[in-house]
Amino acid sequence: MRRPTRAHLSRACLLPLLVALPLAACGDRTTTADNTTTANAAATDAPRAKDGRKYLSQPLVTDFYTADPSAHVFDGKLYVYPSHDIDGSAKEDDLGGHFEMRDYRVLSMDEPGGKVTAHPVALDVKDVPWAEKQMWAPDAAYKNGTYYLYFPAKDRQGAFRIGVATSKSPVGPFKADPQPIAGSFSIDPAVFTDDDGKSYMYFGGIWGGQLQRNTTGTYDPNGSKTDLGADDKPALTPKVAPMAADMKAFAGKPRDVVILDEKGKPLLGGDHDRRFFEASWMHKYKGKYYFSYSTGDTHYLVYAIGDSPYGPFTYKGRILQPVEGWTTHHSIVEWKGKWWLFYADTQLSGQTRLRNVKMTELKYNPDGTIQTIDPFVK
Ligand code: FUB
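Take the sequence shown: its letters are residues -24 to -1, 1 to 354, numbered as in mature numbering (1 follows the signal peptide of the UniProt record, and there is no 0).
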């Protein structure tokens, strides 16, 4: 049998299930009356990248496009909160105008490598009173019987803000608060709950994420379209804010998340291989706080370690080498005795705007550093 090209795969996998699908490529799956889809993460005849390299792992779902996977374990089950990429009409640009997402769908799994259930729409931009467009990378949290979905979107002035929506179910539907979180700006919320029950939101992203347009505390629509252009000055930092007891507001002003080099100096703006771009994530391993993020235009997922959720964090290295596609965005979670990295590439479409989420095991060295993952098999 001829190996399906990425274009074939993309079209075949996204067609309604009217015809017999190439199950070896798309994975075994069924669709139920409530539009729930289940897919088997394992593919037997794995397609290769254009240059012949074999992907390390396969997309978790193949009948719609997903990115920015935030994974959480609730009651022993794994839930992934991804962006839902769509094929919009905007031209690709440096500010991410081509990421035109309008809603969220949650994925769930009972076992690593097992069936993936894709649940119906959990939140649509039309049901968020303050938001106009671009429902980018979300995250979720749980407290006292309520699930919280955090999401960035542009308001009617074109400024990214961060909203919150709640549900009694981890898969939604979620009901959005009428206003964004007061004092929030930029993109990519990641909410971490520490062992003492206190929660923190990490957020921010440069370029399309507008961090460089929020340096004074107010959104400046005419601010820089790129880095600040001050290569020998400390880089723009992500932000962290403690969450209020109701998980719907900040309990304090957002602070800078300072990332230091090996000499204890803040990473510089010109250090594109290591400076923060977007996609904050926090996890705790053996009592240390691991802040991880994407370097954007150099395409790495990297991490820094600290002793407090507020930092400072010292840069330690790469988690993931560049994937196929411009962006990747990740999460790290412990599940069933192993650690997992969730990330995205463009295997199904070959287009940056149409990504697909994946998972792979993440391993630590005895000294607590993370073993760098290559998204391709040698
Ligand atoms: O998916 C839209 C944006 O692209 C996310 O918010 C960023 O992290 C990047 O993945």
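We put the CB at the ideal spot given by N, CA and C, even for glycine.
The model shown is predicted, which means the values in this text are computed figures rather than measured ones.
Coarse secondary structure for residue i, derived from DSSP in three states
| i | result |
| --- | --- |
| residue 346 | strand |
| residue 102 | helix |
| residue 139 | strand |
| residue 187 | helix |
| residue 232 | strand |
| residue 245 | coil |
| residue 117 | strand |
| residue 274 | helix |
| residue 24 | strand |
| residue 223 | coil |
| residue 202 | coil |
| residue 197 | coil |
| residue 122 | strand |
| residue 49 | strand |
| residue 299 | coil |
| residue 182 | coil |
| residue 308 | strand |
| residue 354 | coil |
| residue 71 | coil |
| residue 341 | coil |
| residue 151 | strand |
| residue 209 | coil |
| residue 192 | coil |
| residue 166 | strand |
| residue 260 | strand |
| residue 91 | strand |
| residue 239 | coil |
| residue 54 | strand |
| residue 30 | strand |
| residue 144 | coil |
Cβ distance (whole Å) where residue i is taken to contact residue j below 8 Å
| i | j | result |
| --- | --- | --- |
| residue 72 | residue 184 | 3 Å |
| residue 150 | residue 98 | 5 Å |
| residue 223 | residue 119 | 5 Å |
| residue 43 | residue 59 | 5 Å |
| residue 200 | residue 188 | 5 Å |
| residue 236 | residue 289 | 7 Å |
| residue 303 | residue 68 | Contact doesn't hold; Cβ gap of about 11 Å is too wide. |
| residue 146 | residue 55 | 5 Å |
| residue 295 | residue 349 | 6 Å |
| residue 139 | residue 256 | Incorrect: roughly 17 Å between the Cβ atoms, too far for contact. |
| residue 216 | residue 233 | 5 Å |
| residue 351 | residue 269 | In fact, because the Cβ distance is near 17 Å, the residues do not count as touching under 8 Å. |
| residue 165 | residue 126 | 4 Å |
| residue 293 | residue 345 | 6 Å |
| residue 284 | residue 265 | 7 Å |
DSSP bridge partner residues for residue i (one or two, in chain order)
| i | result |
| --- | --- |
| residue 97 | 81 |
| residue 217 | 177 |
| residue 129 | 137 |
| residue 108 | Residue 108 pairs with nothing; no bridge assigned. |
| residue 332 | 321 |
| residue 281 | 266 and 290 |
| residue 41 | 61 |
| residue 254 | 270 |
Residue-chain proximity (residue i, chain C), Cβ-Cβ < 8 Å
| i | result |
| --- | --- |
| residue 329 | No chain C is part of this structure, which consists of one protein chain only. |
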